[in-house]
Every structure is written in C-alpha cells, then in structure tokens.
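K.L.:
Take a look at the following structure, please.
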Amino acid sequence: MSDIHQIKERMEFTGYICTQYAHFDYLISNIIWHVLEVEKGIGVIITGSMEIRPKIEMAIELLDYKELFPEIRKKLQSIKNSASSSNGFISRRNVIVHGIFSSKEGDPKVMVESHRKKSMRGRQELKLSYYHETHRDIIKANKDLMDLMVPLGINVH
Numbered sequence: 044m045s046d047i048h049q050i051k052e053r054m055e056f057t058g059y060i061c062t063q064y065a066h067f068d069y070l071i072s073n074i075i076w077h078v079l080e081v082e083k084g085i086g087v088i089i090t091g092s093m094e095i096r097p098k099i100e101m102a103i104e105l106l107d108y109k110e111l112f113p114e115i116r117k118k119l120q121s122i123k124n125s126a127s128s129s130n131g132f133i134s135r136r137n138v139i140v141h142g143i144f145s146s147k148e149g150d151p152k153v154m155v156e157s158h159r160k161k162s163m164r165g166r167q168e169l170k171l172s173y174y175h176e177t178h179r180d181i182i183k184a185n186k187d188l189m190d191l192m193v194p195l196g197i198n199v200h
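Be aware that the sequence shown starts at 44, since it is given in the numbering used here, and climbs by one per residue.
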C-alpha cells in the first residue's frame, strides 16, 4: 500500500518531537529547581502542572531576582521570544501534537486544523518539512541550554 501522506514518517517525527520537547520542559524545570535550591520531589510539585510558557517566564524571573546565570537568562529570553511566536517551535509543536489532521484519498496534501490558538485556527497544509524543522529547533534549544547548564552543575538528565 502506498503511503502518499507519509504517515509513517509523520508518526515517527511526532514521537521524536514529543521526546525532545519533554526534555526541553525538563531542562526548564531543572533550572527552576536549581535556582530555588529544592530537591526534585519538591520541584515537581512546584513546576509539574505548569505549561511551558509560564515555566520559562518563572525561570527568567527567578534568575533576575537571584541575579544568577546571565547567559542562561539571555538564552531563555531568546527562546521565549522566538519559540513562542506563531512560527516558533513551541507553537509548531502544538500544531503537530494537538492538530486535527485530514487528507483526501489520492491527494498527497495533509491538512491540519488547530483549535488551541486563534491565529492557528484555519486549515493549512502541513508539509513533512514542518516536522523536520520543529524537531531540529527543539534539539538546538536543548543543546544550547545543556551547554550552559552542565558547566554550572545544573542537572540535565
């Protein structure tokens, strides 16, 4: 059977994106826990139910308040500004994970509709490159953060 919609690759990349995004979320949480000087169990209580955007904002505010790790603060601000935009990896990940997908038999286009954000509510074509770019950008954010966190003794695993 032909896979003109590239379902297998889309599913694989959705899994890769979810895995990398979970690690991104974990890195942000670890920054917060480190700054607050709390053990993981208490940290999970503090950050476990938070969405990613408020979590990033909390990390930035704590770093400002404690006047710690200006390079991490700068990177988090950059991530917040770019990743949260309508074309940023957080928004793109949300479309991939929460979108409603449809396609027509014989038509290679895959359409997606998202209801999470007003600006993303229209139906749009979702190309495979969208998955690749989202995955790449999350991996880059993770690497950039880990490169700053490891030398400071902030947990990344």
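Just so you know, even glycine gets a beta-carbon here, dropped at the ideal spot from N, CA and C.
For Ile71, report the span of its beta strand (DSSP E) as first-last.
P.N.:
First-last for Ile71: 50-79, but that is the alpha helix (DSSP H), not the beta strand (DSSP E).
K.L.:
On the DSSP letters alone, give me the boundaries of the beta strand (DSSP E) that Glu156 sits inside.
P.N.:
Counting along the chain, the beta strand (DSSP E) containing Glu156 begins and ends at 154-156.
K.L.:
Going by beta-carbon coordinates alone, are Ser127 and Ser134 separated by less than 8 Å?
P.N.:
yes
K.L.:
Name the two residues that bound the continuous beta strand (DSSP E) containing Phe144.
P.N.:
143-145
K.L.:
Ignore the nearest five residues each way along the sequence and tell me which others in Gln49's own chain have a CB closer than 6 Å to its CB.
P.N.:
Leu171
K.L.:
Using 10 angstroms around the beta-carbon of Leu195, count the other beta-carbons present and answer buried if the total reaches 16, otherwise exposed.
P.N.:
exposed
K.L.:
Are there 16 or more other CB atoms within 10 angstroms of the CB of Ala102, so buried, or fewer, so exposed?
P.N.:
buried
K.L.:
From which residue to which residue does the alpha helix (DSSP H) around Ile181 run?
P.N.:
171-192
K.L.:
Kindly confirm or deny that the stretch 48-65 and the stretch 75-92 touch, where touching means at least three C-beta pairs closer than 8 Å.
P.N.:
no
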